[in-house]
Amino acid sequence: MPVAMDSNFFIVALRKTIFNIQPQNTKLFDRYFRPNLSFADSDKITFDIYEGSPGLLKNLSIFEPAQIVDKGNRKAITVIAPRLAPKTFFAAAEFNRVATIASQFGAKKARETFQQKFERELQNSVMAKIETTLEFWASRALKGKIYDADLSTVLVDYNMPSSHLPTKDWTSTSSNPIEDIRDWKALIEKDVKAPVVGYEAICGQKAMNALLKNDAVLKLLQYQRGARMAEQGDVERLVGVTIEEYNATFTDKNGNSVPYIPENAFVLVAQLKTNDVFDCPYAPVIDLKAKGGVGSNQPMSDFIFRKIWEEEDPSGVWVKLETRPLPVVRRPAAIVYATVTS
Numbered sequence: 013m014p015v016a017m018d019s020n021f022f023i024v025a026l027r028k029t030i031f032n033i034q035p036q037n038t039k040l041f042d043r044y045f046r047p048n049l050s051f052a053d054s055d056k057i058t059f060d061i062y063e064g065s066p067g068l069l070k071n072l073s074i075f076e077p078a079q080i081v082d083k084g085n086r087k088a089i090t091v092i093a094p095r096l097a098p099k100t101f102f103a104a105a106e107f108n109r110v111a112t113i114a115s116q117f118g119a120k121k122a123r124e125t126f127q128q129k130f131e132r133e134l135q136n137s138v139m140a141k142i143e144t145t146l147e148f149w150a151s152r153a154l155k156g157k158i159y160d161a162d163l164s165t166v167l168v169d170y171n172m173p174s175s176h177l178p179t180k181d182w183t184s185t186s187s188n189p190i191e192d193i194r195d196w197k198a199l200i201e202k203d204v205k206a207p208v209v210g211y212e213a214i215c216g217q218k219a220m221n222a223l224l225k226n227d228a229v230l231k232l233l234q235y236q237r238g239a240r241m242a243e244q245g246d247v248e249r250l251v252g253v254t255i256e257e258y259n260a261t262f263t264d265k266n267g268n269s270v271p272y273i274p275e276n277a278f279v280l281v282a283q284l285k286t287n288d289v290f291d292c293p294y295a296p297v298i299d300l301k302a303k304g305g306v307g308s309n310q311p312m313s314d315f316i317f318r319k320i321w322e323e324e325d326p327s328g329v330w331v332k333l334e335t336r337p338l339p340v341v342r343r344p345a346a347i348v349y350a351t352v353t354s
């Protein structure tokens with residue numbers, strides 16, 4: 013039986029839809045920063061940086077000067093949280109097109125059809141903008157600096173020690189990535205001043221290719237993990253380091269596809285017993301309708317706020333997602349971000 017579709021039908025279905033969508037392509041953010049999400053009761057975010065003197069910043073306001081505490085090995089930094097708030101408009105005509113197709117079915121099927129269509133659109137528009145930005149920030153934080161969308165404006169500089177940003181040749185006959193990785197592990201353990209319980213690495217495609225071609229690596233692995241190399245085409249673990257190749261990309265303002273982790277990057281990350289390498293405070297959103305919004309003195313239930321509202325002319329519905337997290341590297345010395353020739 014045909015079903016009547018008024019504006020309330022679409023609003024109810026759309027409200028359910030916006031709570032179904034979640035960030036999907038955020039491997040780095042999910043691994044290092046999402047587990048450390050913590051609500052800040054103000055849009056002034058304060059965090060500690062160990063072993064460094066972080067320089068802040070080009071376009072975030074500093075409300076309080078950095079203060080040296082804890083015998084000088086950390087600094088307390090207060091900044092205004094960044095704001096991501098993409099929105100999109102669904103015109104009444106779009107609802108009409110869906111209604112024309114779906115009205116021949118019952119109410120349940122019509123609502124499902126509507127939700128599926130707009131869930132895809134929202135996932136590929138407003139949520140995609142948020143997840144791309146979060147993953148971009150996470151990838152750059154690993155190197156010690158978070159940039160704005162122009163890829164040049166520095167939001168936060170965690171002052172990664174220069175010795176933790178080496179450049180190495182992994183192509184010459186005399187190169188030895190095994191020694192390099194062992195040296196970087198020793199460097200981290202010397203500088204981080206906290207118990208290390210493990211290591212992992214994220215690398216680009218060319219860095220993995222260089223490992224697979226290197227004689228020293230092949231000699232070590234030919235008996236231990238030769239079968240996996242033949243089957244999977246990668247190096248899963250080397251000298252106590254779990255290694256993963258990551259080739260996901262984003263599109264820059266010129267339309268170019270740019271990898272989050274450069275092709276020739278090898279990023280070594282220590283896992284500490286103190287479990288405090290990363291942090292991710294998120295601030296209240298700037299919206300009077302938000303529970304946990306600025307000035308409400310209530311905690312937010314999710315770090316992404318979702319909202320819909322009707323527009324009279326032109327007739328339609330706005331959908332907005334808003335979030336204000338800041339990926340923080342509290343211990344820059346726990347990371348070595350190497351550039352390797354490959």
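Quick note on this note's numbering: the sequence shown kicks off at 13 and runs consecutively. All C-beta atoms, glycine included, are put in the ideal place defined by N, C-alpha and C.
Here DSSP, grouped into helix, strand and coil, assigns Val297 to coil. Rounded to the nearest angstrom, the gap between the Cα atoms of Glu322 and Ala93 is 28 Å. Around Thr144, the same chain offers Phe262 as residues with beta carbons nearer than 6 Å, after the five sequence neighbours per side are excluded. According to DSSP, Thr100 shares a beta bridge with Val331. Boundaries around Ile214 are those of the beta strand (DSSP E), Val208 to Cys215, since no alpha helix (DSSP H) includes it. Judged by beta-carbon spacing, Leu280 lies beyond the 9 Å limit of Tyr170, meaning their Cβ atoms are not closer than that value. Assignment of Phe262 by DSSP, reduced to helix, strand and coil, places it in the strand class. For Asp53, the secondary structure class from DSSP, reduced to helix, strand or coil, is coil. Under a 10 Å Cβ-count criterion, Asp203 is classified as buried, with 16 or more other Cβ atoms of the shown protein chains found around its own Cβ.
With the rule of 3 Cβ pairs closer than 8 Å, the segment 286-295 counts as touching the segment 331-351. Rounded to whole angstroms, Pro326 and Ile30 show a C-alpha spacing of 22 Å.
One thing to note: Phe317 has its Cβ no nearer than 9 Å to the Cβ of Glu147. Sequence-distant partners of Ala228 (beyond 5 residues in either direction) whose C-beta falls short of 6 Å from its own C-beta, in its chain, are Asn188 and Ile190. By the Cβ test, the segment 264-282 is in contact with the segment 213-225, since at least three Cβ pairs between them sit closer than 8 Å.
The C-beta separation of Tyr294 from Phe51 comes to about 6 Å, placing the pair in contact by the 8 Å criterion.
A residue is called buried when at least 16 other Cβ atoms come within 10 angstroms of its Cβ; Arg342 meets this threshold and is buried. Nearest to Gln34 by C-alpha distance, out of Glu334, Ala282 and Thr353, is Glu334.
Between Met172 and Lys197 a beta carbon distance of about 17 Å is seen, past the 8 Å cut, so the two are scored as non-contacting. For Lys319, the three-state secondary structure derived from DSSP is strand. Using a Cβ distance threshold of 9 Å, Ile200 and Ala282 count as a contacting pair. With at least 16 other beta carbons inside 10 angstroms of its own, Ser354 counts as buried. Annotation: Arg152 to Phe130 spans about 32 Å, alpha carbon to alpha carbon. Leu224 has its alpha-carbon roughly 10 Å from the corresponding atom of Leu233. Its chain contains Lys180, Trp182, Ala219, Ala222, Asn276 and Phe278 as the residues whose beta carbon lies nearer than 7 Å to that of Val352, once the 5 sequence neighbours on both sides are disregarded; these appear in chain order. The three-state secondary structure of Ser174, taken from DSSP, is helix. Contact between Lys303 and Ser313 is confirmed by a C-beta separation of about 7 Å, below the 8 Å threshold. Under the three-state reduction of DSSP output, Tyr44 falls in the helix class.
Under a 10 Å Cβ-count criterion, Thr185 is classified as exposed, with fewer than 16 other Cβ atoms of the shown protein chains found around its own Cβ. Annotated as proximal: Val329 and Phe101, with beta-carbon spacing under 9 Å. For Lys157, the enclosing beta strand (DSSP E) has its first and last residue at Lys157 to Tyr159.
Lys225 carries a helical assignment under DSSP once its states are collapsed to helix, strand and coil.
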